[in-house]
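Everything below concerns the one structure shown next.
Residue numbers (our numbering): 13 to 335.
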């Protein structure tokens with residue numbers, strides 16, 4: 013009975029050994045599987061890694077190249093913009109110069125064709141405006157209160173610095189004689205080329221007045237404010253109109269006394285260019301509302317009128333004497 017029991021015990025240990033071997037085999041397989049999984053998830057083949065690294069390095073190099081290229085492009089763009097601005101300014105200056113040359117060419121081409129009366133009148137008006145502006149500028153440089161008046165052909169001089177209130181004599185205001193003498197000198201300089209003078213020679217007229225535009229008249233005009241004259245003044249004036257006439261006349265007499273040749277200036281019709289006019293309170297510069305307004309209206313105006321021929325034929329005859 014005891015032998016069979018021993019044989020059964022040996023078989024049992026054999027079975028346990030086989031079981032352990034099987035379990036160990038299974039564990040080895042599982043470890044190998046897990047190891048395989050780790051390799052495939054956390055690592056890549058070297059060839060793949062090298063290819064990716066090369067592509068990344070190439071992209072970095074290309075990126076640096078593009079950055080440098082962009083910087084050069086931006087620099088060149090800024091330089092181009094500055095060049096464009098410079099060229100635009102140069103083009104603008106060239107256009108202005110071309111326009112100036114075009115006008116000059118037109119003037120030269122038409123220099124001997126000033127037969128058109130409308131063009132002649134326009135040339136005269138332009139020259140008149142230049143005379144007015146130049147006269148104002150010269151008088152202001154001498155500290156004389158002058159300005160362009162109610163119209164483009166008028167130089168206005170404040171009467172406050174020429175006459176005392178209710179007086180028409182220049183001696184009533186300190187410095188008035190000096191101012192009127194300066195006015196006479198400036199006027200002679202401004203109109204000498206544009207008034208007919210028996211001493212002038214045709215060749216001299218061509219040099220300073222190539223368009224042959226002349227002054228018809230230069231009026232010394234007296235103006236007052238609207239404050240009425242209550243009694244006869246010391247100069248005999250009984251109203252503002254008479255007062256303004258005496259002021260204009262006294263200004264005229266002092267001017268020709270200081271510059272006698274002013275009376276030799278004539279218009280193309282042979283009439284004396286310098287003359288006198290009086291308006292009293294009839295032509296105010298501003299409304300006589302305040303003391304400042306009335307002071308502005310008390311003034312002497314120098315009005316320039318340009319010569320206008322009666323017809324196309326008379327213009328042609330007139331210009332021929334200077335050619």
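Beta carbons: idealized from backbone N, C-alpha and C, even for Gly.
Check whether the Cβ atoms of residue i and residue j lie closer than 8 Å to each other.
i	j	result
residue 298	residue 261	no
residue 148	residue 158	yes
residue 267	residue 136	no
residue 320	residue 224	no
residue 143	residue 277	no
residue 281	residue 229	no
residue 199	residue 274	yes
residue 176	residue 184	yes
residue 99	residue 151	no
residue 208	residue 231	no
residue 245	residue 290	no
residue 180	residue 134	no
residue 132	residue 327	yes
residue 161	residue 168	yes
In the structure shown, what three-state DSSP assignment does residue i receive?
i	result
residue 318	strand
residue 77	helix
residue 180	coil
residue 302	coil
residue 158	strand
residue 52	With a pLDDT of only 49 at residue 52, under 50, the local geometry of the prediction cannot be trusted, and the value read off the model is given with reservation. Looking at residue 52 - three-state DSSP - the assignment turns out to be helix.
residue 104	helix
residue 327	helix
residue 138	helix
residue 89	helix
residue 196	helix
residue 133	helix
residue 114	helix
residue 70	helix
residue 150	helix
Sort out for me which residues DSSP pairs residue i with in a bridge.
i	result
residue 311	170 and 235
residue 290	234
residue 143	Residue 143 pairs with nothing; no bridge assigned.
residue 38	None; residue 38 has no bridge partner.
residue 208	278
Any Cβ of chain C within less than 8 Å of the Cβ of residue i?
i	result
residue 320	No chain C appears in the structure shown, which is made up of a single protein chain.
Can you find a heavy atom of the ligand ZN that lies under 7 Å from the Cβ of residue i?
i	result
residue 257	The ligand ZN is absent from the structure shown, which contains no ligand whatsoever.
Checklist entry - Is the segment 298–314 in contact with the segment 226–246, if contact means three or more CB pairs nearer than 8 Å? => result The answer is yes - the segment 226–246 touches the segment 298–314, with three or more Cβ pairs under 8 Å.
Next on the checklist: With a threshold of 8 Å, are at least 3 pairs of Cβ atoms found where one atom belongs to the segment 241–259 and the other to the segment 194–207?
Outcome noted: The segment 241–259 is not in contact with the segment 194–207.
Checklist entry - Considering only residues of the segment 211–288, which uninterrupted alpha helix (DSSP H) runs meet the minimum length of 4 residues and lie entirely inside it, listed in chain order? => result Counting only unbroken stretches of 4 or more residues, the alpha helix (DSSP H) elements lying wholly within the segment 211–288 are 214–220 and 252–270, in sequence order.
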